[in-house]
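Take 156 as the starting number for the sequence shown in this note's numbering and just add one per residue. Even for Gly, the Cβ is constructed at its ideal location relative to N, Cα and C.
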Amino acid sequence: IMQNHNQDMKFGILKERKSPPDRRVVFSPNELVQLKQLYPNAIVKVESSDIRIFSDEEYKKAGIEVTDDVSDCDVLFGVKEVPVEALIPNKSYFFFSHTIKKQPYNRKLLQAIVSHNINLYDHETIVDADNRRLIGFGRYAGIVGAYNSIRAFGIKFELFKLPKAETLASKEELIRHLKRIVFPPIKFVVTGSGKVGGGIKEILDAIKITEVSTDNFLTKKYAQAVYTQIDVLDYNKRIDGQVLNCRDFYNNPKEYVGNFERFTKVADIVITGHFHGNDAPDILTREMLQAKDCHIKVIGDVSCDINGPIASTLRASTIESPIYGYLPSEHKEVEVFHPAAIVVMAVDNLPCELPKDASEGFGMMFMEHVIPSFFNNDKEGILERGKMTEKGKLTERFSYLQDYLDGN
């Protein structure tokens, strides 16, 4: 799949075929213009689509070929899963396959990819030498998640009305609407310090919510709205009382218990951007939410694991209907306006609400981290590490999926 400089390399941008329709795309017209300037022997085709955020016309105006047939391309880029019947054999594909955690609903897809002799690269498997993910929509999930969580607070307490994020064109517009709000002195707690946590922070900083230290957050009263951003050692502690480091937590999660309840007593809004390992303690448990002194009113679960570390996330919510009520005493879903309900926002495809910004940001990451590898013999090993299937079988790095692939 790597080329030397005098050979043509054909890239195809796929139409999204998954339902509900996803308007995002891996490359905006501008990014493709840049790609062709940087790599003159790259040939780029865009599969015609009537739903994507950039119209066919915008690509044509930028001098990019738009076509109904991309079967002559070597490498195909998409966002969501490609339906089995649309797969073209013997190609290289990049998309979110949702198979690396052995998701049962995509087993047939992985089986088809292998039987069609396709090289699959998953956006989630594009990592650097330290296994850190290089590309993803996490930042945009955080940005929209923060906006939706604040919007949910306004709805629940009938304090202010914000338009739905999907009706606004850009991050700047979200911020403009949020800036009109006069906030009561509420406290936000943000979990996680990766791309999602960073996106949440970006919004809170942009609207001048004051950031405070964890200790001050827990002990002080403030006359204005404040937030604190916390990481695993702020809400987990070792059972034996030792205070070590994050690495110890990731290596020995079973030696820890959660202690998020110190935050539940003072926080009004929790917005999550954490990554949660399978053996790590639950973060926000039923018991914490049932406690008499639990102060939480809104939980924006951007991380959105169903039956996961956040007990109130009973199901994913949707862009159309983003919030539901959670009744801690009965651990069940109720009306948002039920007096004892905590409001839950658990949309699992948040970046779809900001398709233009998300697509542009995604294309920039792709240009920086992935495209060079096609033209420099993959000297960083990006493609090598990211490749899940090759020549009709799983690669070494993904051999752990063999039993899933075999249907066991």
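Taking all protein chains in view, the Cβ of Thr-473 is surrounded by fewer than 16 other Cβ atoms within 10 Å, so the residue is classified as exposed.
Arg-179 counts as buried, since at least 16 other C-beta atoms from the protein chains shown sit within 10 angstroms of its C-beta. With respect to Ala-466, Asp-503 sits apart: the two C-beta atoms are not nearer than 7 Å. By the Cβ test, the stretch 384-396 is in contact with the stretch 345-359, since at least three Cβ pairs between them sit closer than 8 Å. Counting only runs of 3+ residues, the beta strand (DSSP E) found wholly inside the stretch 230-292 occupies 230-232, 247-250, 274-277, in chain order. Residue range 478-482 is occupied by the beta strand (DSSP E) that includes Leu-482. Within the DSSP secondary-structure output, Tyr-411 pairs in a beta bridge with Arg-393. For Ala-324, the number of other beta carbons within 10 angstroms of its own is below 16, and it is reported as exposed. Look at Met-543 here: in three-state DSSP terms it is coil, with no helix or strand label.
Put simply, the backbone Cα of Gln-192 is about 49 Å away from that of Val-498. Taking 4 residues as the shortest admissible run, the stretch 162-226 contains the following complete alpha helix (DSSP H) segments, listed from N- to C-terminal end: 184-193, 211-216.
Per the Cβ contact rule, the stretch 171-185 is in contact with the stretch 197-207 (3 or more Cβ pairs under 8 Å).
For Val-453, the secondary structure class from DSSP, reduced to helix, strand or coil, is strand.
The three-state reading of DSSP puts Gln-379 in coil, since its state is none of H, G, I, E or B. Contact check for Phe-315 against Ile-336 passes: the beta carbons are separated by less than 7 Å. C-alpha of Asp-456 to C-alpha of Phe-415: approximately 15 Å in a straight line. For Thr-419, the three-state secondary structure derived from DSSP is helix.
Here the stretch 252-260 makes no contact with the stretch 213-233; the two share fewer than three CB pairs at distances below 8 Å.
Residue burial is scored here from C-beta neighbours: Glu-240 has fewer than 16 other C-beta atoms within 10 angstroms and is therefore classed as exposed. A check of alpha carbon separations from Asp-512 across Ser-174, Asn-185, Phe-530 identifies Asn-185 as the nearest.
Restricting attention to Ile-364, Ile-273, His-450, the CA atom closest to the CA of Tyr-302 is found in Ile-364.
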